[in-house]
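Student:
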Amino acid sequence: MITGIHHAQITIPKGAEEEGRNFYCKILGLNEIEKPAPLKGRGGFWLQVGDREVHVGTEDGFDRHTTKSHIAYQVEDVAPWRAKLKENGIAILESVAIPNYDRFEFRDPFGNRVEIIASV
Numbered sequence: 001m002i003t004g005i006h007h008a009q010i011t012i013p014k015g016a017e018e019e020g021r022n023f024y025c026k027i028l029g030l031n032e033i034e035k036p037a038p039l040k041g042r043g044g045f046w047l048q049v050g051d052r053e054v055h056v057g058t059e060d061g062f063d064r065h066t067t068k069s070h071i072a073y074q075v076e077d078v079a080p081w082r083a084k085l086k087e088n089g090i091a092i093l094e095s096v097a098i099p100n101y102d103r104f105e106f107r108d109p110f111g112n113r114v115e116i117i118a119s120v
């Protein structure tokens, strides 16, 4: 029986960890957590998001701009996030409306699709 989701993984290009930390830790405000010692040599970094984790791995050889795969970060209000991302030069992509939610999408600096969503 599956009881929950432990973590999700996204990827960034090999060698882009500092740019990734800047975006995910400084702009989005997520906290980096320590990777287990056996995995440290593989590149990337891990983030704490509420009671879950996002693992940022490194991978080359594909175009992240072409995938619909994404992670959705739940927030209380999307407006401040929309403003903060615009202030940091991130293009906002409007999402298809769904009942009871306010949301928008964007691509991170590496092309990963990201959604910001709030219940209304």
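Here the sequence shown is numbered in full-length UniProt numbering, starting from 1 and rising by one per residue. Idealized CB from N, CA, C, for every residue including glycine. All values derive from a computational prediction rather than experimental measurement.
Quick one: grab the DSSP three-state call for Ile27.
Tutor: In the structure shown, Ile27 sits in a helix (DSSP, three-state: H, G or I).
Student: For Leu30, collect the residues of the same chain with a Cβ closer than 8 angstroms to its Cβ; drop the 5 residues on either side in sequence, then sort them by chain order.
Tutor: Excluding residues within five positions, the ones whose Cβ falls inside 8 angstroms are Tyr24, Leu47, Gln48, Val49 and Val54.
Student: Which partner residues of Glu32 appear in the DSSP bridge assignment?
Tutor: Answer is Leu47, bridged to Glu32.
Student: To the nearest angstrom, report how far apart Thr66 and Glu34 are at their CA atoms.
Tutor: So the alpha carbons of these two residues sit roughly 30 angstroms apart.
Student: Bridge partners for Thr11 per DSSP, in chain order?
Tutor: DSSP, once it has assigned bridges, lists Gly57 as partnering Thr11.
Student: Count the other CB atoms within 10 Å of the CB of Gly15; is the residue buried (16 or more) or exposed (fewer)?
Tutor: Exposed is the call here.
Student: Check whether the stretch 97 to 112 touches the stretch 58 to 74, taking contact to mean three or more Cβ pairs, one atom from each stretch, closer than 8 angstroms.
Tutor: Because the criterion of three Cβ pairs below 8 angstroms is met, the stretch 97 to 112 and the stretch 58 to 74 touch.
Student: Pull the bridge partners of Leu93 from the DSSP assignment, please.
Tutor: Paired residues: Glu105.
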